[in-house]
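Notes for the one structure printed next.
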Amino acid sequence: MTRTLRLITICSLLAACAGLLSAAPEAEAYRIRRGIPNSRYFLQNDTVGNQYLFFIGHSVLAGTGLKNSGLRYSACMTKALKRHFPNASPRETRHMYPGGSWFAQYRCSRGQPVFGEVICSGHLAILDFAAEDRSADLEQVKTSLEGLIRQITLYRATHSTILVYTLTPEMLADYRAGRTPAYIEVCERIADHYGIPSLNLAQVAARAILSGTISAEAFSADGIHPTDAGARLWAEAINAFVDALMADGPVPEKPQRVTLPAPLFPGTDDRGQIIAYEHPEVRTTGSWQPGRESPIKPFRHVLVSREPGTRLTLRFQGSEIGLIDVAAPDGADLEYAVDGGAFRTLAAPKNTDKPVLRALPLARGLTRDAEHEVVIRTASDGTARIGGLLVNGSVKNPHAGMSTLERIDAIYAAMDPINYTPPANRFAHIPKTMAKLRGGGELRMVLLGDSIMGNTSGSSFELLLMRNAPACKIIKIASLRSSTGCTYYQHENRVQQYVLRHNPDLLMIGGISNGGDAEAVRSVIRQVRASKPDTEVLLLTPVFGAMRDEHIRTFTREIDTTTPNFRHRLSKVAEEERCAFFDMTGPWWEYIQKSGKTYGWFMGDAVHANARGCQIIGRLLERWFKE
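In case it helps, this note's numbering puts the sequence shown at residues 1040 to 1666.
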C-alpha cells in the first residue's frame, strides 16, 4: 500500500469514527431506566409544597459563563417539565457548595440544625458532580455518590432522582481517545443499580465538538462552563430527555415508596449526618462562644473561639468523621486527632480574601460499628468558626428513652428562663376554658394556621398546661395548611373542614400567613360562632418567620398604635369580637434580643423555629395560661 493510499485510508477511518459519534441517535445520551413516576404524579397534581426541584452540583448550575442566564441547564430542565405540566409550578433550587458528592451526602441528610439549607424539600433531585468530583479518588466517588442517592431516598421514600454528567476537559480527552470516561462508567453502574435516569450532557458536547459542529473553545471558554452556544446544544438534549421521561408510561394514581436494594459497593455508608456543634455529645473546653452570627450562609450560627488551645471533643460510632467550618482571612489554625492518634494540622487558608465554607474529611475507613473519638483544638491566634461535624454513623441521642415532657424540659433547662408577666385581665373572654383548667374535664383546643402554628403545636405546650392543671385533659388538634392563613380559611366553607368538625372548646388562631388581613380573621371568627356560638377564641400575634417579615423588621416591644400594622389591627378585632388576645410578638422577640445569640440560634430553617425556638413559644403560652 502506497504512503498516499495509507493516508487516505487513515483519514477515511477517522472521518467515519467522527461521523459515527456525530450521527449516533440522540437517545444514546440518556437512559430512562425506571423513570421519575413519582415526580410526574406530583407535577400533575401540583401538590402544595412539593414543587421544588433540587439541583445539587457546582457552578455550572449558577450559569457561570453564560450571557443569558435563562440558558443554564437547570432552567432548561424546569421549563421542559413545565411544558408537559402547564398547570404545575415547578421551582428550581440550586445548591452549589464545595466538596462534591462526598459533602453532598451530608447535606442531603435529615436534621441539619446548623447548616441552614433544606435541600430535599420537593420531589426531584438532579445530581451533577462531574466538575466537583474530577479531582476526587474514584473509589471514594463510588461510595459517596451511592451514599448520597441512598440518603435522598431515606429522607423521603417518594423522591425521584436524575443523574446528569456535564463536560470536563478530562472527559473530552477520553472521548477524543474513543473511551467512555471512568467517572461516567461508575455513575452509570450506580444508575443501573437504582434504576435512576441519567443524562450525559458531556457526551452531547463531545459529539458536537468532535464532529466539528462547534469548536471546544466556542462550547466553553474553560472546558467546564458552557457558553450560550454550548448551552443551546444542551437545551436540545434536555428537551429530548424530558420528552422521553414523560413518555414512560401513564402517570401513577399515587406516589409509590421506593425500596432501596442492598448497596452496590461494600464501602458505602448511608448514615451521613451533620452534627451540630451544640449537640449535647459535643464537649467543649475553653472560651468557646455558641450561637454567634456566621459571616456566610447557609450557616445560621457558628461556634467561635479567639483563644488558642480551646478544645472540642465528640464520641461517635461510624465509618467517617469530618468538619465544616468558616475559613476566613482572620481564621485560626486547627489541629485534630482521631482515636488518640497524633494531632494533624488544618491550616487556615492564606489565599482567601473573604469568608468561605470549608468541608473537610478528617478520617475515612474507620471501623463502622466501633466507637471513635475526635478531638479538635485551636492552634494559633485568630478566629475559629465551627459549624458542625460530619459523621457517617451515629451519635448518642441524649433524649433517648425520655417522655415528651422530659425531653422538652431538658431542652428548656439548657436555655435562659422565660421572664414574662402576662396582663391580669387576659381571661375575660375565655371563662369556660379557664374553668376546665381550674376544675378539670376535657378541653378541646384547635390550633388554626400555618406551619408556624405547627411549631406552636410542636412545642407541646399542652403538656405544660396539664402539668399545672392535672385534673384537665387537653385534646390538642393542629388544623394546619402550610403558608396559609385566614385569608384562605374564610372561603368555600373551609371553616367547617378546618375548625367546626373538630368541635373545639377553644379556637387558637395564629401564625405568620394571615397576610396582614385582620378582617379575614374576623370572618373566620364569625363563621365559627354562627354555627357554634359557645366556641371561645384566642388570637395570637406572629412569631418567627423571615427577617423581612413585618413583625421582625419593624419590631417594637409594645404594640405600635400610631402606624398601620397587623398586631394593632388584630388586637382591635379581638376587642370588637370579644376574643382573648395574646401579643406573643413582644415577649418572644425581646427574649431573643436579650439572649445574646443570633436569631438563627432559635431557627430550624429560614422561617421556622427549632427545638429551642419552640420552647420559647411553649413556655410563653404556659405563662399566659397560668394563674
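Ideal Cβ positions, reconstructed from N, Cα and C, are used throughout, including at glycine.
Source: prediction; values computed, not measured.
Counting along the chain, the unbroken beta strand (DSSP E) around Val1395 starts and ends at Val1395 to Ala1402. The secondary-structure analysis by DSSP pairs Arg1416 across a beta bridge with Arg1350 and Glu1374. Residues of the same chain with a CB within less than 6 Å of the CB of Ala1402, apart from the 5 flanking positions on each side, are Ile1360 and Val1377 in chain order. If you check the CB distance, Tyr1451 and Gln1654 come in under 9 Å. As the crow flies, the alpha-carbon of Asp1085 is around 11 Å from that of Arg1130. For Pro1236, no alpha helix (DSSP H) run applies, since DSSP gives it neither H nor E. Considering only Ala1517, Ala1619, Val1430 and Ala1247, the residue with the shortest C-alpha distance to Asn1464 is Ala1619.
Distance from the CA of Leu1206 to the CA of Thr1192, rounded to the nearest whole angstrom, comes to 27 Å. Nearest to Thr1132 by C-alpha distance, out of Arg1122, Phe1621, Ala1119 and Ile1158, is Ile1158. Fewer than three beta-carbon pairs drawn from the stretch 1245 to 1258 and the stretch 1108 to 1124 are found closer than 8 Å, and the two stretches are therefore not classed as touching.
Less than 9 Å separates the beta-carbon of Ile1095 from that of Ala1164. Distance check between Ala1423 and each of Ile1447, Ala1367, Val1434 and Asp1489 places Ala1367 closest, using alpha-carbon atoms only. Counting only runs of 3+ residues, the beta strand (DSSP E) found wholly inside the stretch 1451 to 1529 occupies 1480 to 1488 and 1511 to 1519, in chain order. Following the DSSP letters along the chain, one finds Val1534 inside the alpha helix (DSSP H) bounded by residues Arg1533 to Tyr1537. Ile1551 and Gly1524 have their C-alpha atoms spaced approximately 8 Å apart. Straight-line spacing of the CA atoms in Ala1068 and Asp1213 works out to 16 Å. The C-beta of Lys1633 has fewer than 16 other C-beta atoms within 10 Å across all chains shown, which makes the residue exposed. DSSP places Leu1272 inside the alpha helix (DSSP H), whose first and last residues are Asp1267 to Met1285. About 7 Å separates the beta carbon of Leu1373 from that of Arg1416, a gap short enough to meet the 8 Å contact definition. Taking every protein chain shown into account, the CB of Arg1658 has 16 or more other CB atoms within 10 angstroms, so this residue is buried.
Comparing alpha carbon positions, the residue from Asp1455, Gly1404, Ser1333 and Pro1291 closest to Val1395 is Ser1333.
Assigned with DSSP and collapsed to three states, Glu1597 falls in coil, not helix or strand.
Burial check for Ser1326: the Cβ neighbour count within 10 Å stays below 16, so the residue is exposed.
Comparing alpha-carbon positions, the option among Leu1482, Ala1508 and Phe1594 lying closest to Met1547 turns out to be Leu1482.
Per the C-alpha coordinates, the member of Leu1545, Gly1440 and Gly1497 positioned closest to Leu1476 is Leu1545.
According to DSSP, Phe1382 shares a beta bridge with no other residue. By the criterion of at least three beta-carbon pairs nearer than 8 Å, the stretch 1189 to 1203 is in contact with the stretch 1297 to 1309. Three or more Cβ pairs drawn from the stretch 1488 to 1498 and the stretch 1577 to 1592 lie within less than 8 Å of each other, which places the two stretches in contact. The beta carbon of Leu1502 sits closer than 8 Å to those of Thr1443, Leu1444 and Ile1447, all from its chain and outside the five residues before and after it, given in chain order. For the pair Asp1573 and Leu1539, the Cα-to-Cα distance works out to about 12 Å. At least 9 Å separates the beta-carbon of Gly1379 from that of Gly1432. Each residue's CA atom was taken as its position, placing Gly1269 and Ala1114 some 15 Å apart. Under the DSSP assignment, Ala1423 falls outside any alpha helix (DSSP H), being part of the beta strand (DSSP E) whose first and last residues are Ala1423 to Ser1433. One thing to note: Leu1399 has its Cβ no nearer than 9 Å to the Cβ of Gly1311. Ranked by Cα distance from Thr1103, the first of Glu1575, Glu1615, Arg1218 and Ile1263 is Ile1263. Residues of the same chain with a CB within less than 6 Å of the CB of Arg1617, apart from the 5 flanking positions on each side, are His1468 in chain order.
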